[in-house]
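Step one of this worksheet: look at the structure below.
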Amino acid sequence: MEDLDRWLTHTRFSNPGRHARSIAALSADVARLNEIIQGVLVHSSWLREYGLDTPRLDAGARTTLPFAERLDDILARDPRPLEAQRPPELRSIGTCRDYALMLCAILRAKGIPARVRCGFAAYFHLVWEDHWVCEYWDARRRSWRLSDAQIDPMLKRQNRIDFNPADMPREVFLTAGEAWTKCRRAEADAGDFGHGETTGMWFIKVNVLRDHHVLNGRETSLWDRWREAPAASRTVCDEELQLLDSLAARLEQELIAATPEWIV
C-alpha cells in the first residue's frame, strides 16, 4: 500500500487557508463537488459556448491561482455561498488545471487523498488532447479514481460524453507517463497527442515533466511556460530517454533537478 498521507497534505496551492470553514461545510460527494465547481468557474477556451465575449479573457486567465486566492476571486464576483450556482458572467475564469486543483483541494480538506494529474483526454478535439483532471482515492474500492470537474451538461452535449465525469473510465484519460510509455512501445501514435497544433513526443515530454512537478506539490502554472520553448529545443534527445522512461514509470518520485529552463 502506498503512503496515502502524502496525498492528504496540502501544498501551498491547495491549502484553503482563510476559507477552511466554508470548505468544511461542503459535501464530500465527488459528483456534487463537480457541480459546485462548475457553478463558480468557467473555462477560458469555452467562453463563447457559455454566451460570453472572448474580450473578457484577461492576461491572468491562464494563471493557476492558489486555491485560497481563487476562492477570493469567486467571492469577489458573487459573495453568495459556494453552493450557489453563478451565471457564467459572474464566474471566475480559469483552465482545466483550476478545475482539477479546486476538486483536489476540497477533497484533501475532507480527508480524502487526492492529487492533480496532467495527461491527455480522449473526449475533446484531438485524439488525445492535453488536459488536467483530479485523481482521488476511493477507500471502499481501495483504488484511485479519476474525476473531471470541468465536464458539465454543456460539455457533455458538445462532446457527446456518455461516461460519469466523477468516476471516469481509465481508457478516456491517460496520464502523461502512460502516454509516454505507450508511444515508446509503439502501442500509440505520438502524433495523436498534443495541444492544438503542437503534437508528438516533445509535447508528451512536456506533460511528463508537468505531471512530475505537480505530483511534487508544484501545481502552479508560473513555471509552466512550454509555449516559450524555441523551435530548436522542441525535440527529445537520445540522452533524455532513460530519464523520461524512469519518470514515466514513477512520476511521483522525488523532484529531479535537470529540467529545461522554460518549464521550471
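In my numbering, the protein residues as written are -19 to 244. For every residue, glycine included, the Cβ atom is placed at its ideal position computed from N, Cα and C. What you are looking at is a predicted structure, and each value in this text was computed from that prediction instead of being measured.
> Taking G171 as the reference, which of L106, L6, D(-17), H23 has the closest Cα?
Replying inline: Here residue 171 is taken as the residue at index 191 of the sequence shown, counted from 1. When only C-alpha atoms are compared, the closest one is L106.
>> Residues in the same chain with beta-carbon distance under 7 Å from D128, minus the five sequence neighbours each way, listed in chain order, please.
In response: Residue 128 sits at position 148 when you count from the first residue of the sequence shown. Excluding residues up to 5 positions away in sequence, V113, P145, M148 lie with their Cβ nearer than 7 Å to the Cβ of D128 in the same chain.
> Given A0, which residues of its chain have a CB within under 8 Å of its CB, disregarding the five upstream and five downstream residues?
Replying inline: Within the sequence shown, numbered from 1, the residue matching residue 0 stands at position 20. So the qualifying residues of the chain are A89.
>> Here's the rule: buried if 16 or more other CB atoms are within 10 angstroms of the residue's CB, otherwise exposed. What is R28?
In response: Numbered from 1 along the sequence shown, position 48 holds the residue referred to as residue 28. R28 counts as exposed, since fewer than 16 other C-beta atoms from the protein chains shown sit within 10 angstroms of its C-beta.
> Do the stretch 39 to 56 and the stretch 149 to 160 make contact, defined as three or more Cβ pairs closer than 8 Å?
Replying inline: The answer is no - the stretch 149 to 160 does not touch the stretch 39 to 56, with fewer than three Cβ pairs under 8 Å.
>> For N14 and R97, I'd like the C-alpha separation in whole angstroms.
In response: In the sequence shown, the residue the question calls residue 14 occupies position 34. In the sequence shown, the residue the question calls residue 97 occupies position 117. Looking at the two C-alpha atoms, the distance is approximately 16 Å.
>> My assumption, with CB atoms under 8 Å, is that D58 sits in contact with R66. Please give the rounded CB distance.
In response: Taking the sequence shown and counting its residues from 1, one reaches residue 58 at position 78. Taking the sequence shown and counting its residues from 1, one reaches residue 66 at position 86. The pair is a contact, with the Cβ atoms about 5 Å apart (cut-off 8 Å).
> Is M(-19) buried or exposed, if buried means 16 or more other CB atoms sit within 10 Å of its CB?
Replying inline: The residue given as residue -19 occupies position 1 in the sequence shown. Confidence in M(-19) is poor, its pLDDT being 47 and thus under 50, which makes the residue's placement unreliable; the coordinate value appears in the next sentence. It is exposed - the Cβ of M(-19) has fewer than 16 other Cβ atoms within 10 Å.
>> Nearer than 7 Å: is that true of the beta carbon of C84 relative to any heavy atom of the ligand SAM?
In response: Ligands in the displayed structure: none, and consequently the ligand SAM is not present.
> What does G99 pair with, by DSSP beta-bridge criteria?
Replying inline: Residue 99 sits at position 119 when you count from the first residue of the sequence shown. Paired residues: H111, T155.
>> Do Q130 and C76 count as a contact pair if the criterion is CB distance below 8 Å?
In response: Here residue 76 refers to the residue found at position 96 when the sequence shown is read from its first residue. Here residue 130 refers to the residue found at position 150 when the sequence shown is read from its first residue. Yes; because the gap between Cβ atoms is below 8 Å, this pair is in contact.
> Taking C-alpha atoms, which residue in Q18, A212, E115, R(-14) lies nearest to F153?
Replying inline: Counting from 1 along the sequence shown, the entry for residue 153 is found at position 173. Among Q18, A212, E115, R(-14), the Cα nearest to that of F153 is on E115.
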